[in-house]
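Encoded as structure tokens, the structure appears first; notes follow it.
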Amino acid sequence: QVHVVVSVGGLVQAGGSLRLSCLASGRTDIINALGWDHQVPGKVRELVAAIPRLGLDYADSVKGRFTMSKDNADNTVYLQMNSLKPEDPTVYLCKAGTVVARLYEDCWGQGTQVTVSS
263 QVHVVVSVGG LVQAGGSLRL SCLASGRTDI INALGWDHQV PGKVRELVAA
313 IPRLGLDYAD SVKGRFTMSK DNADNTVYLQ MNSLKPEDPT VYLCKAGTVV
363 ARLYEDCWGQ GTQVTVSS
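First residue of the sequence shown: 263, per my numbering; consecutive thereafter.
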């Protein structure tokens, strides 16, 4: 089992910054990737950023504004969000992609709310 815990979001003014953290624990040996999604309530989730075993991917909507980083010592990933916009999705979720017996499964942490005021 992999457990994913996300830090509390918050309220920030447009153009401001916020950093989220996500800690993956438990069977970290089966983690293949760590990533962030965001979501407008009631709509489809969108991948924000992910660190698979090779490379780092970002959604086009956040390139140049968001930076994902990883602390390998304790399986913590961070999402530094700069130049936040009121139209950015408000719910952020962290996931650990796991592989067991060639079967891939995402383990999700709780969503956290990020509200950007205009």
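All residues carry an ideal CB built from backbone N, CA and C; glycine is no exception. If you're wondering where the values come from, they're calculated on a predicted model, not measured in any experiment.
What did DSSP end up calling Asp336 once you bin it into helix, strand or coil? Asp336: coil per DSSP, three-state reduction.
Here's the rule I'm using: 16 or more other beta-carbon atoms within 10 Å means buried, otherwise exposed. How should Val378 be labelled? buried
Do Val376 and Val302 count as a contact pair if the criterion is CB distance below 9 angstroms? no
Which residue's Cα is closest to the Cα of Val380: Met330, Ser345, Ala276 and Gly272? Here residue 380 is Ser; the residue named in the question, Val, does not match the sequence. The shortest CA-to-CA distance from Ser380 to any of Met330, Ser345, Ala276 and Gly272 is the one to Ala276.
Distance between beta carbons of Trp298 and Ala286, contact taken as under 8 angstroms: The pair is not a contact, with the Cβ atoms about 12 angstroms apart (cut-off 8 angstroms).
What residue range does the beta strand (DSSP E) around Asp299 cover? Ile293 to Gln301
Buried or exposed (CB count within 10 angstroms, at least 16 for buried), Ala363: exposed
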